[in-house]
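Accompanying notes for the structure given below.
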Amino acid sequence: MIRRFFMPENILKNNYLKEIFKGSMFAFILSIFFVLIFALIARLFSFNADVIPTINMVIKVTSVFCSVAFFAKINERGLIKGAGVAIGFLFVSYLFFVLLGGKTANSLLFDLILCIIAGVVGGIISVNRKK
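Using our numbering, the letters of the sequence shown map in sequence onto residues 457 to 587.
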C-alpha cells in the first residue's frame, strides 16, 4: 500500500519526472526574468540593501507558484508535483548560483520551506482549476 502511494505506475514511465523537470525549468527561467526586471528597477531607483534578500525570496516563491499553478499541466497529485517542482527549482537555482561563483546563503532551509509551500498551494490550485 505504501509503495503504491509513493511509486505509482506513472513514475515508472517518467511522466511525473518530466512534469516536475519542466515545471522546475520554467520556474527557473521565470525567476531569471523577474530578477532581470528587478535589476532594471533597482538601476532606476535606489533601494536599501536590506530589501534585496526579501525581494529575492518573493521572486523565488512567485516563480514556483506561477510555474505550478498556471503553466504546469498538473491534473493529479498536485501536492507531490508542486513540492517536486519547488525542490527541483531550488536545486537548479542553487547549482546555477554556485557555478557563477556566488556564495550560498544560510537560508537554504527557509527557502526550501517557503518554496515547497508555494509549490503545494500552486499544485492544489492547478488540480482544482477548471480546464
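Beta carbons are placed, not taken as given, at the ideal position from N, Cα and C, and that holds for glycine. All of these numbers come straight from a predicted model, not from anything done at the bench.
Local Cβ density within 10 Å of residue i, reported as buried at 16 or more and exposed below that
i, result
"residue 532", "exposed"
"residue 537", "buried"
"residue 506", "exposed"
"residue 486", "buried"
"residue 554", "exposed"
Assumed close pair residue i, residue j - CB separation to whole angstroms, cut-off 8 Å
i, j, result
"residue 541", "residue 520", "6 Å"
"residue 489", "residue 523", "Not really, about 11 Å apart at Cβ, beyond 8 Å."
Cα-Cα separation between residue i and residue j, rounded to whole angstroms
i, j, result
"residue 579", "residue 502", "36 Å"
"residue 582", "residue 575", "10 Å"
"residue 552", "residue 514", "19 Å"
"residue 563", "residue 495", "22 Å"
"residue 557", "residue 549", "13 Å"
"residue 526", "residue 565", "25 Å"
"residue 468", "residue 543", "Residue confidence is low: residue 468 scores 49 on pLDDT, short of 50, so the model does not pin down where it sits. Its coordinate-derived value is still stated next. Each residue's Cα considered, the two are about 20 Å apart."
Top-ranked residue by Cα proximity to residue i, from the options
i, options, result
"residue 570", "481, 548, 556, 539", "539"
"residue 567", "509, 585, 491, 490", "509"
"residue 577", "474, 475, 547, 534", "534"
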